[in-house]
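A.B. asks:
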Amino acid sequence: MAGVIRNVADARRRARRTLPRVVYDYVDGGADDEITMAENERAFRDIAFRPRVAVDTGEPDLTTTVLGTRVSMPVLLAPCGLVRLMHPDSALGVGRAAAAKDTIWVLSSVAGVTLEAAAPAGGRRWFQLYASGGRREAEETIERAKAAGYEALVVTVDTPALGNRERDARHGVGTPMRLDAHTAIRLGPQVLARPRWSLRMIRSGVSMLKRPSRPTDVAARAGTDLETASSFYTHASPFTWADIAWVRERWAKPLLVKGVLTGADAVQAADAGADAVVVSNHGGRQLDGAAATIRALPEVVDTVSGRIEVLMDGGVRRGGDVLKALAMGARAVLIGRPYLYGLSADGQRGVERILDILRSEMARSLRLLGCASVSELDRSYVEIPERTGGLANRS
Ligand SMILES: Cc1cc2nc3c(=O)[nH]c(=O)nc-3n(C[C@H](O)[C@H](O)[C@H](O)COP(=O)(O)O)c2cc1C
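This is the structure we're talking about:
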């Protein structure tokens, strides 16, 4: 068995060895030339810490609240599609890991598990809505999310069309990833090369070959099984700010808008009644060339903080990255790929391992920063490079 997972990069290597290439590339890949995806990680390196030395911090306090919910640390699990392909623990394992580590997890509309089936995972659960099927479908999904006890709704708005994921296309599975009998046969060698993954999948009864039984049945669609999940996007019709206001009227609990990159759009979200925005470019999987999220964050914070909460995701790979985002005004961050790598490597335990790693990295970095609590972080702890405009960097 491979060595211990000491950091997110180790988990990524482990995932690469565990998953058939087609699944690994679905997790690891981005849109077009993957510029934005790379920038998300790289841009964190431009930010330098300004530590305060000779301070007795004691054991640093990582707890905070996000929209009124107390969490053990400012790291939430982002909504991610098709998690059942990564490990049979699936969305339930993700939710149980979050519950065990006392943080929030967000179930994707296309997780490959229905929102009712994922609910027993427990913990603080939020639901992510792709309102691509229009208001009628959204209404039904919102009612189901209410009935199943989800505590907040996250509406993703950066997907009016699906990003061009060329890694998927090269495997012949296209975007969205669709696995039918023909592709399964063609990808046979990849699958055979990963017997541990294949056995897990066979034992858990995940079929990649079934056809959707009722593809147009709304109730069966949102947060549904793998086949219909992967056909979900093909019906996309974009949701507008008026639709967000419409959702607001139907959803009394916290409402977040995910995928905002500018101050002006954050104002639109607040005006439509959102309680928070997630500064996100979908992990670089949608519009390639969009700015790194850590770079987009200050403008959004400066425009709407005080009015609504600002969260961010994209490129967070170390506890120090979390601290930089918080110092720049994020309430909390979400992680996507890091926990998917953990899930792929070791199911629920792998997700917990990633959360433990980030927690200990944050605690150590806070001590080294001379800061006793995440709630004390502000811009005085970081040196933010001058904006160089667009994606240009100084190297
Ligand atoms: C495999 C994968 C599937 C994703 N599926 C969804 C999804 O269904 N809905 C959504 O809002 N975002 C989705 N995202 C985006 C994540 O929620 C998050 O914005 C992104 O992963 C953050 O970047 P990071 O992976 O660098 O942490 C997905 C990301 C990945 C990697």
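Positions in the sequence shown are counted from 1; adding 278 to them yields my numbering.
Even glycine gets a Cβ: it sits at the ideal position worked out from N, Cα and C.
1. With distances taken Cα to Cα, identify the nearest neighbour of G584 among R563, R595, R609 and T571.
2. Is the stretch 287-297 touching the stretch 546-561, taking contact as three or more C-beta pairs under 8 Å?
3. Give me the Cα-Cα distance between G281 and V349, rounded to the nearest whole angstrom.
4. DSSP on Q564, reduced to helix/strand/coil?
5. Just the C-alpha distance for A459 and V300, rounded to the nearest angstrom, thanks.
6. Taking just the CA atoms, how far does Q564 sit from N442?
7. So R631 packs on G620, CB below 8 Å; how close in whole Å?
8. For G269, does the three-state DSSP call read helix, strand or coil?
9. Give a yes or no on whether the C-beta atoms belonging to V525 and G537 are separated by under 8 Å.
10. Could you spell out the range, first to last residue, of the beta strand (DSSP E) harbouring T381?
11. Just to confirm, is the Cβ distance from A326 to E661 under 8 Å?
12. Residues in the same chain with beta-carbon distance under 8 Å from I613, minus the five sequence neighbours each way, listed in chain order, please.
13. Go ahead and pull the three-state DSSP assignment for W404.
14. Determine the direct distance from the alpha carbon of F405 to that of D553, and round the result to whole angstroms.
15. Three-state secondary structure (DSSP) at M479?
16. Does any heavy atom of ligand 1 sit closer than 7 Å to the C-beta of A552?
17. May I ask you to verify whether the stretch 313-322 touches the stretch 649-656, counting CB pairs closer than 8 Å and requiring at least 3?
18. In whole angstroms, give me the CA-to-CA distance for D599 and L644.
19. With a 10 Å radius around its C-beta and 16 neighbouring C-beta atoms as the bar for buried, classify S558 as buried or exposed.
C.D. replies: By the coordinates alone:
1. Cα-wise, what sits closest to G584 is R609.
2. Verdict: no, contact absent.
3. For the pair G281 and V349, the Cα-to-Cα distance works out to about 30 Å.
4. Here Q564 sits in coil by DSSP.
5. If I take the Cα positions, the gap works out to 15 Å.
6. Looking at the two C-alpha atoms, the distance is approximately 7 Å.
7. 6 Å between Cβ atoms; contact.
8. Because the chain here runs from 279 to 673, residue 269 falls outside it and cannot be looked at.
9. Cβ distance not < 8 Å, so V525 and G537 don't count as in contact.
10. No beta strand (DSSP E) holds T381; DSSP gives it neither H nor E.
11. Yes. Within cutoff.
12. Annotation for I613: V353, L354, L355, A356, D591, V594, I632 and L636 place their beta carbon closer than 8 Å to its own, counting only its chain and skipping 5 residues before and after.
13. In this structure, W404 counts as strand in the three-state DSSP scheme.
14. One C-alpha to the other measures close to 15 Å.
15. M479: helix per DSSP, three-state reduction.
16. No, the beta carbon of A552 sits no closer than 7 Å to any heavy atom of ligand 1.
17. Look at the beta carbons and you see the stretch 313-322 not touching the stretch 649-656: under three pairs across the two are nearer than 8 Å.
18. A direct Cα-Cα distance of roughly 11 Å separates D599 from L644.
19. The residue is buried, with at least 16 neighbouring Cβ atoms inside 10 Å.
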